[in-house]
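Undergrad: Pasting a structure below so you can have a look.
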Amino acid sequence: MLLREQLSRLYKSIGEQRSVLRALDVGTGAGENLRALLGALPEATVLAIDVDADALRSGLATLPRGAEAKLEPVLADARALPLRDGSFDLVASLAALHHLDDVERALVEASRVLREGGYLVIAEWTPGSRLSPHPPDVARRTLEEIRRALPRLLRLADLRVFRDYILITARKEH
1 MLLREQLSRL
11 YKSIGEQRSV
21 LRALDVGTGA
31 GENLRALLGA
41 LPEATVLAID
51 VDADALRSGL
61 ATLPRGAEAK
71 LEPVLADARA
81 LPLRDGSFDL
91 VASLAALHHL
101 DDVERALVEA
111 SRVLREGGYL
121 VIAEWTPGSR
131 LSPHPPDVAR
141 RTLEEIRRAL
151 PRLLRLADLR
161 VFRDYILITA
171 RKEH
């Protein structure tokens, strides 16, 4: 099963478990995750953030007509989100964390903006990925940083490892 199908099913499942009115796509880039969020969660408003204005613009340009009504694009850094505490039901990041020099800071920020009971979904490359354009060490470093930081912030709800990517779901429960 393709990653986009896995993400769509996961987002639909989360939407069936709890009302998702606001979702955050961290590192929108080409917009692949944004399309999955908008398709799976039709009631949600999705905030799309990226630190690269050109990437954000090109990602938004790939969306179907009418999608902009449920979308808020914001130029922002995942390590310093200009957003209120507890303002999102779902925070998601697709192959974006490996671009950061401080993955833990981004996870702290994601946890901060999640509502109680909200979900964080992370999809990242595996070191053996055939699809990643990066050396295996980049994936190893990113996954190690996630492994160290995530348990201090959120409760792991699901972990799925595939050949090319890893899919992590965590829940905010304090």
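Numbering-wise, the sequence shown is residues 1 to 174 according to the UniProt record's numbering. The beta carbon of each residue, even a glycine, is placed where N, CA and C say it ideally should be. The structure displayed is predicted, hence computed values, not measured ones.
1) Counting Cβ pairs closer than 8 Å, one from the segment 102-112 and one from the segment 38-46, do we hit at least three?
2) Out of 99, 78, 98 and 101, which one is the CA nearest neighbour of residue 91?
3) Based on DSSP bridge pairs, tell me the residues matched to residue 20.
4) Could you say which of 13, 19 and 55 lies nearest to residue 32 if we only look at CA atoms?
5) Thinking C-alpha only, which one of 7, 9 and 24 is nearest residue 111?
6) Which residues mark the beginning and the end of the beta strand (DSSP E) in which residue 169 is found?
7) Indicate the three-state DSSP secondary structure (helix, strand or coil) for residue 25 in the structure shown.
8) Residue 21 and residue 28 - do their beta-carbons sit closer together than 8 Å?
9) Would you decide whether residue 142 is buried or exposed? Buried here means 16 or more other CB atoms lie within 10 Å of its CB.
10) Is it true that the CB of residue 38 sits closer than 8 Å to the CB of residue 70?
11) Can you list, in chain order, the residues of its chain whose CB lies under 7 Å from that of residue 153, leaving out five sequence neighbours each side?
12) Just mark residue 136 as buried or exposed, buried being the case when its beta carbon has 16 or more other beta carbons within 10 Å.
13) Could you tell me which residues DSSP pairs with residue 119 in its beta bridges?
14) For the putative contact between residue 164 and residue 125, defined by C-beta atoms under 8 Å, what is the C-beta separation to the nearest angstrom?
15) When burial is assigned at 16 or more other CB atoms within 10 Å of the CB, is residue 13 buried or exposed?
16) Could you please give me the residues that DSSP links to residue 144 through a beta bridge?
17) Please go through the same chain and pick out, in chain order, the residues whose beta-carbon is closer than 6 Å to the beta-carbon of residue 62, but skip the five residues on each side of it.
18) Indicate whether residue 127 and residue 140 have their beta-carbon atoms separated by less than 8 Å.
TA: Put simply:
1) In this structure the segment 102-112 does not touch the segment 38-46; the number of beta carbon pairs closer than 8 Å is below three.
2) It is 78.
3) Looking at the DSSP output, residue 20 bridges to nothing.
4) The candidate whose alpha carbon is nearest that of residue 32 is 55.
5) Residue nearest to residue 111 within the set 7, 9 and 24 is 24 (criterion: CA-CA distance).
6) Here the beta strand (DSSP E) through residue 169 covers 165-171.
7) Three-state DSSP puts residue 25 in a strand.
8) Not in contact: residue 28 and residue 21 (Cβ atoms no closer than 8 Å).
9) Burial call: buried.
10) For residue 70 and residue 38, yes; Cβs fall inside 8 Å.
11) Excluding sequence neighbours, residue 153 sits near 107, 108 and 111.
12) The residue in question, residue 136, is exposed, as its Cβ has fewer than 16 Cβ neighbours within 10 Å.
13) Residue 119 is bridged to 90 and 171.
14) With a Cβ gap of about 7 Å, residue 164 and residue 125 count as contacting.
15) Looking at its Cβ environment, which holds fewer than 16 other Cβ atoms inside 10 Å, residue 13 is exposed.
16) DSSP lists no partner for residue 144.
17) Excluding sequence neighbours, residue 62 sits near 31.
18) Judged by beta-carbon spacing, residue 140 lies within the 8 Å limit of residue 127, meaning their Cβ atoms are closer than that value.
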